[in-house]
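Heads up, the thing below is written out as structure tokens.
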Amino acid sequence: MGGFFAAIGGVGIVIAIIILLVVAAIIGLIIMLVLRAWYKVARADEALVVVGRRRKKGAAATSAMTVIRGGGAIVNPITQRAETLSLRARQIMVQPTAQSIQGVTVDVTGVALVKVGSDSESIARAAERFVSQDKAIEVFTTEQLEGALRGVVATLSVEQLMRDRQELSDQIATLIKSDLGEQGLVLDSFQIQGITDENGYVHALGAEEVSKVKRQAEIARIDAERQIKAREIATSEETLVEQTAYDKNEAAAAADVGEARAEAEQAEALARARAEQGVLMQQAENRQAQLDADVKRVADASQYEEQKQADARAYSRVKDAEAAADVQRREADINEYHRQKKADADAYAQIKAAEADAEKAEREAQAIRVQAEAEADAARTKAQAEADAVRLAGEARAAAIEAEAEALKKNQEAVLAQRSLDVLVPMMTEFAKGYSNVGNVTVLSGSGDSGASTHMAGEAAMGMRAMFDTVRETTGIDLSAMLQGQAVGQGIANGSREARPESRPASRPSPSPED
């Protein structure tokens, strides 16, 4: 029984201890919660003001207010009260309207940075006035700044305000420093941003200076333009002098080219006249040879020969006179052409010189020079081509005459027959001209084979037959047989092959289909 009670006594002790521990924990938790609720901590830019706590003697201006910065304190909500006061700088804009010493109304715009002082006394002063109404700091500071600004502006002129803004800012800061200090505030900085007025007085102050600067700039610009213009005129005059000299040289060169071209054309025309004279002389000689051949076939050869020789001499003299007259006329034309060309060249030179005095653009002079060079090249090319053509024609003509003379020696009859065939077409043309003079042809009777067409065809055939008979009787050449490709035609073909120079190789026979 005693052991039972001993066991019960041990359990009771344990239970009592547990209860005590639980109660202690609860009490501790309550104490922690109370301390957490009562403990106040100020941020870095704030100050904690505790009212109701007595401070040590001499620690503050009052004994019932405690200022704590950068720390915390236990505040008994029953007997004490804690407030926070911001220490941040406040930017305050002021724009009062004030009158200067001259009576000019101006609008002054300024910016101020204001904050609560860092020392405990300033914080306590600010707390007494602004702790429960933080916005009142801005209102109070604005009123102080505007009042001080109006007072300072009233003692200065507008010119001084515009010129000494920093001095104005310093005066205002000095005036309100004491007033703000009494309220626990500090003015960090104050700057004047602008000074304006509605009447344009401030703008007029700088108008004269601006006008002066503008006038100086305009004068400088005009002087620069004048110098540039003078330089351009001098350059234009130099260019004009050089262009005039160049155009004069160009005109002189053009005159020389024209004179050389005229001389070349004169020489070419003279050579052409001489060539034509030679052709006329050769034609006269050919005519004489033809007359000699005709005389041989006439019975009274002696008398007929004398008459023909006289006619030939007369004809030769006439042709010589005509050729000489033609040469003289051509020489006169050439001389006149030369004079005209020289006059044209002189006129051209004068015109170019006159144009050069007024011409200033280098492009036109360049175009004239290029054109003159192109014309000179074209003229040289054309003259060379014509000279080559004349030379080749002369060589071909000489070769043909030589071949014809050789053929005449070998087969005179065939060559004469060939010449007869050459004149056959002109003879028939002359024969047909007789019918062209007939206006109307009237056939009295006839039809069918005896009609008008048959009659005209018969007339033409009879005329051609009579002509062929006349040629055969006078020259011994049977044109009818030649046209039919008989003996005389074969002789003409042989004579032509002998007269033609053997310049071509024999043609190769074409292969047969069997090959």
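The numbering used here applies: residue 136 is where the sequence shown begins, and numbers increase by one.
Even glycine gets a Cβ: it sits at the ideal position worked out from N, Cα and C.
Quick one: is residue i buried, meaning 16 or more other Cβ sit within 10 Å of its Cβ, or exposed?
i	result
T201	buried
L296	buried
I357	exposed
I153	exposed
I327	buried
L164	exposed
T374	exposed
V331	For the record, residue 331 in the displayed sequence is Thr; it is not Val. Exposed, since its Cβ has fewer than 16 Cβ neighbours within 10 Å.
G329	exposed
K443	buried
D382	buried
Q655	Because the chain is modelled from 136 through 650, residue 655 falls outside the range shown and cannot be assessed.
Q475	exposed
S304	buried
S255	buried
R260	buried
A458	buried
I311	buried
V241	buried
I162	exposed
I203	buried
Give a yes or no on whether the C-beta atoms belonging to residue i and residue j are separated by under 8 angstroms.
i	j	result
R225	V243	no
K487	A389	yes
V293	V337	yes
A387	V462	no
Y483	A397	no
G207	A177	yes
V251	L222	yes
A480	G413	no
L220	A262	yes
I209	T290	no
R504	E385	yes
A445	R422	no
I258	A182	yes
L284	A233	yes
Y320	A247	It is worth fixing the name first, because residue 320 is Leu in this sequence and not Tyr. Against a cut-off of 8 angstroms, the Cβ pair of A247 and L320 comes out as no contact.
Q301	R264	no
F325	A339	no
Please list, in chain order, all residues of the same chain as residue i whose beta carbon is under 7 angstroms from its beta carbon, the five residues on each side excluded.
i	result
V149	none
G187	A199, T214, Q215, R216
Q306	V287
T277	I227, V229
L155	none
A511	V392
A399	A518
P212	W173
D269	S221
K364	none
Y450	A419, R422
Along the chain, where does the beta strand (DSSP E) that runs through residue i open and close?
i	result
A182	181 to 186
I203	200 to 204
I209	207 to 209
V176	174 to 176
So, for residue i: in the same chain, excluding its five sequence neighbours on each side, which residues have a beta-carbon less than 6 angstroms away from its beta-carbon?
i	result
E218	V184, V266
Q230	T244
K454	L415, A419
W173	I209, V210
M563	none
Looking at the unbroken alpha helix (DSSP H) that takes in residue i, where does it start and where does it end?
i	result
Q295	293 to 298
A271	271 to 288
I330	Looking at the DSSP string, I330 is not in any alpha helix (DSSP H); the run it does join, the beta strand (DSSP E), is 320 to 331.
T213	Residue 213 is actually Ile in this sequence, not Thr. Premise fails: I213 is in no alpha helix (DSSP H) and is neither H nor E.
S267	Segment: none, S267 is in no alpha helix (DSSP H) and carries neither H nor E.
Enumerate in chain order the residues of its own chain whose CB-to-CB distance from residue i is below 8 angstroms, with the five nearest sequence positions on each side excluded.
i	result
A85	This structure does not reach residue 85, given that the chain is present from 136 up to 650, and the question cannot be answered.
Query raised in the report: If you scan the region 217 to 247 from start to end, which runs of the beta strand (DSSP E) of 3 or more residues do you find wholly inside it?
Result: 225 to 229, 232 to 234
- Task: Taking only runs that begin and end inside the region 411 to 486, name each unbroken beta strand (DSSP E) of 3 or more residues, in chain order.
- Result: none
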